[in-house]
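Asker: Please read through the structure below; I'll follow up with questions.
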Amino acid sequence: MGVLRDMFTALKGGANEVGEAIVDANAIRILEQEIRDAETAIASAKQSLTRMKSSEIKLKREVATIDADVADYEQKAVKALNAGEEALATEVAERIAELESERGEKAGEQATLDAEVQKIHAMIKARERTIAKNKRELDKVRTVQELQRATESVSKNFAATGSSGHRVSKALERVKAKQQGWQDRMEAGEWLEHQEAGDDLDAKLRAKGLGDSANTGASDVLARLKARQAG
Amino acid sequence: MTLDDLAFRLNEYSGDEGTTFDAFVTERGILEVVCSNDDEFPIHVTMTETQLLSVTPLFSTSEVLPDKQGELNDAFLRLSPAVPLSSIGLQGDTYILFGAMALSTRLEVIAHELAVQAENTIDVLEAVEHLLA
């Protein structure tokens, strides 16, 4: 059974404080024990696999030796036949038959060993699944415990400041005011950039004698005064 | 990675989105992160063997207007799927906004998630402000 149902019951029942059991301590111990058991089982299964591997190597070597012997005796049997030594050839053939039956037994042993190895691999996989599942379950418990820890200190502050009322609204107002401040500054920055860009343009126009004559020269002033006197 | 490492790296961080962080580990071993886009509701970061948890406590049940808790819970259930990267929950008597990340999450992604969580906090609170005292 998953721990969620356990936790739900506890949390609903008011286990809100850090350190309060949100899951029966036994349930946690069982999950942890199962992880340890599975880890032990996997470790010993891996040792068995190593032993089996050495048996397998030994069997393979023996089969290869038998195969070499059979090939050797076959050649000798043919030679005996060619030499007309029928009785000797028969003796060699009997030896070959013995070797082949021995080889059959070894092959049988190897098949049994293979099946064992497969079983152990499947067992390791199953145990690994148990470990992963239990670790996920424990992580759920740990998550809720951490959420409690992370929430606790602040929620105590809520209790202290909440009495003044509108705590959230006031905080929102402050955040929005700050954000508005940034927005204003950003817009101000953009305005200034435009202005500066505009100044550049005016300067360029003046340089070409096309702008407003912002810097009136002495000659302009004199011309204006003369015009006024004449008028 | 420890929370102290994360605090150090977040304080140094400056991403494309312009959000910066003030982060420190409290005496209780919780990483408190203040995002530049929302300094009123700090995010509390903690970790388990597999995840980083980021929690923003929103308000307590006692701050909900009388008889409005049902409406508020309903609103939160409906809002939750629409809030990117964060979930809304009840921890004890405190409503929280929270997110979870794998411990292997890259710093840029953590920073993005935290910035989004800070933004979500304002959005969510605005949506339910009228139900709070």
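Protein chains in written order, with the numbering used here: chain A, 1 to 231; chain B, 1001 to 1133. Quick reminder that beta carbons are idealized off the backbone N, C-alpha and C, glycines included.
Measuring CB to CB, does Leu-1010(B) end up less than 9 Å from Phe-1021(B)?
Answerer: In the second sequence, residue 1010(B) corresponds to position 10, counting from 1. In the second sequence, residue 1021(B) corresponds to position 21, counting from 1. Yes. Within cutoff.
Asker: At the 9 Å Cβ level, is Leu-147(A) part of the contact set with chain B, yes or no?
Answerer: One-based indexing of the first sequence puts residue 147(A) at position 147. Yes - at least one Cβ of chain B is within 9 Å of the one on Leu-147(A).
Asker: Please report the residue range of the beta strand (DSSP E) in which Val-1034(B) lies.
Answerer: Taking the first residue of the second sequence as 1, we reach residue 1034(B) at position 34. From DSSP, the beta strand (DSSP E) with Val-1034(B) extends over 1031-1035.
Asker: Please confirm whether Gln-1117(B) has its beta-carbon closer than 9 Å to some beta-carbon of chain A.
Answerer: Here residue 1117(B) refers to the residue found at position 117 when the second sequence is read from its first residue. No, no contact with chain A.
Asker: Could you check the C-alpha separation between Glu-233(A) and Leu-1053(B) for me, to the nearest Å?
Answerer: With chain A covering 1 to 231 only, the question about residue 233(A) has no answer from this structure.
Asker: If I follow the unbroken alpha helix (DSSP H) through Ile-42(A), where does it start and stop?
Answerer: Position 42 of the first sequence, counted from the first residue, corresponds to residue 42(A). Note, Ile-42(A): alpha helix (DSSP H), 25-82.
Asker: I'd like to know if Gln-179(A) contacts chain B, where contact means its C-beta is closer than 9 Å to some C-beta of that chain.
Answerer: Counting from 1 along the first sequence, the entry for residue 179(A) is found at position 179. Yes, its Cβ sits closer than 9 Å to a Cβ of chain B.
Asker: When you compare the segment 1052-1068 of chain B with the segment 1100-1118 of chain B, are there three or more beta-carbon pairs, one atom per stretch, that lie closer than 8 Å?
Answerer: Touching, per the Cβ criterion.
Asker: Please name the residues in the segment 1057-1088 of chain B whose beta-carbon is closer than 7 Å to at least one beta-carbon of chain A, in chain order.
Answerer: From the segment 1057-1088 of chain B, only Pro-1057, Phe-1059, Ser-1060, Ser-1062, Glu-1063 have a Cβ closer than 7 Å to chain A.
Asker: Tell me whether Ala-203(A) sits in a helix, a strand or coil according to DSSP, three-state version.
Answerer: Residue 203(A) sits at position 203 when you count from the first residue of the first sequence. Reduced to three states, the DSSP call for Ala-203(A) is helix.
Asker: Check this for me: beta carbons of Glu-1125(B) and Glu-1071(B), under 9 Å apart or not?
Answerer: As a first step, residue 1125(B) must be located in the second sequence, where it is residue number 125. As a first step, residue 1071(B) must be located in the second sequence, where it is residue number 71. In the sequence as displayed, the identity of residue 1125(B) is Leu instead of Glu. No. Outside cutoff.
Asker: Taking C-beta to C-beta, are Ile-57(A) and Arg-127(A) nearer than 9 Å?
Answerer: If you number the first sequence from 1, residue 57(A) lands on position 57. If you number the first sequence from 1, residue 127(A) lands on position 127. For Ile-57(A) and Arg-127(A), no; Cβs fall outside 9 Å.
Asker: Counting along the chain, where does the beta strand (DSSP E) carrying His-1044(B) start and finish?
Answerer: In the second sequence, the residue the question calls residue 1044(B) occupies position 44. Start and end: 1038-1047.
Asker: Tell me, please, whether the segment 96-107 of chain A touches the segment 1011-1018 of chain B by the rule of three or more beta-carbon pairs shorter than 8 Å.
Answerer: No, because fewer than three Cβ pairs between the segment 96-107 of chain A and the segment 1011-1018 of chain B fall closer than 8 Å, the two stretches do not touch.
Asker: With 9 Å set as the bound, which would you pick, yes or no: does the beta-carbon of Glu-152(A) sit closer than that to a beta-carbon of chain B?
Answerer: Locating residue 152(A) in the first sequence gives position 152, where the first residue counts as 1. So yes, Glu-152(A) belongs to the interface.
Asker: Cβ closer than 8 Å: which chain A residues qualify as neighbours of Leu-1097(B)?
Answerer: Walking along the second sequence from the start, residue 1097(B) turns up at place 97. Within 8 Å Cβ-Cβ: nothing; Leu-1097(B) doesn't reach chain A, min ~11 Å.
Asker: Are the CB atoms of Val-144(A) and Leu-31(A) nearer to each other than 9 Å?
Answerer: One-based indexing of the first sequence puts residue 144(A) at position 144. One-based indexing of the first sequence puts residue 31(A) at position 31. The answer is no: Cβ separation not under 9 Å.
Asker: Taking DSSP's pairing of strands, which residues face Gly-1099(B) in a bridge?
Answerer: For the purposes of this step, residue 1099(B) is taken as the residue at position 99 of the second sequence. In DSSP, Gly-1099(B) forms a bridge with Ser-1054(B).
Asker: Give me, in chain order, the residues of the same chain whose beta-carbon lies closer than 7 Å to that of Ser-55(A); leave out the 5 immediate sequence neighbours on both sides.
Answerer: Looking up residue 55(A) in the first sequence gives position 55. Same-chain partners within the cutoff: Leu-113.
Asker: Assign Thr-65(A) to one of two classes, buried (16 or more other C-beta atoms within 10 Å of its C-beta) or exposed (fewer than that).
Answerer: Residue mapping note: residue 65(A) aligns to position 65 of the first sequence, counting from 1. By the 10 Å Cβ count, Thr-65(A) comes out exposed.
Asker: Ile-28(A): which of Glu-137(A), Gln-180(A), Ser-48(A), Gln-183(A) sits nearest, CA to CA?
Answerer: Counted from its first residue, the first sequence places residue 28(A) at position 28. If we check each option's Cα against that of Ile-28(A), Glu-137(A) comes out closest.
Asker: Excluding the five sequence neighbours on either side, which residues of its own chain have a C-beta within less than 6 Å of the C-beta of Ile-1030(B), listed in chain order?
Answerer: Your numbering for residue 1030(B) matches position 30 in the second sequence. The residues are His-1044, Thr-1046.
Asker: Determine the chain B residues that contact Asp-139(A) at a beta-carbon separation under 8 Å, and present them in chain order.
Answerer: Within the first sequence, the letter at position 139 stands for residue 139(A). What Asp-139(A) touches in chain B: Thr-1048, Glu-1049, Thr-1050, Gln-1051.
Asker: Evaluate Phe-8(A) with the Cβ neighbour count: other Cβ atoms within 10 Å of its Cβ, from every protein chain shown; 16 or more gives buried, anything less gives exposed.
Answerer: Walking along the first sequence from the start, residue 8(A) turns up at place 8. Exposed, by the Cβ-count rule.
Asker: Which residues in the same chain as Phe-1076(B) place their Cβ atom closer than 6 Å to its Cβ, once the five residues preceding and following it in sequence are excluded?
Answerer: Position 76 of the second sequence, counted from the start, is the residue given in the question as residue 1076(B). So the list reads Ile-1088, once near-sequence residues are dropped.
Asker: Are the C-beta of Leu-1114(B) and some C-beta of chain A separated by less than 9 Å?
Answerer: Counting from one through the second sequence, the residue named residue 1114(B) turns up at place 114. Judged by the 9 Å Cβ criterion, Leu-1114(B) is not in contact with chain A.
Asker: Between Val-1083(B), Ala-1133(B), Asp-1005(B), Asp-1074(B), which lies nearest to Glu-1113(B) when the distance is taken from Cα to Cα?
Answerer: Taking the second sequence and counting its residues from 1, the one referred to as residue 1113(B) is at position 113. The shortest Cα separation from Glu-1113(B) among Val-1083(B), Ala-1133(B), Asp-1005(B), Asp-1074(B) belongs to Val-1083(B).
Asker: Quick one: give me the first and last residue of the beta strand (DSSP E) that Asp-220(A) is part of.
Answerer: Residue numbering aside, residue 220(A) sits at position 220 when the first sequence is read from its first letter. Run containing Asp-220(A): none in the beta strand (DSSP E); it sits in the alpha helix (DSSP H), 218-230.
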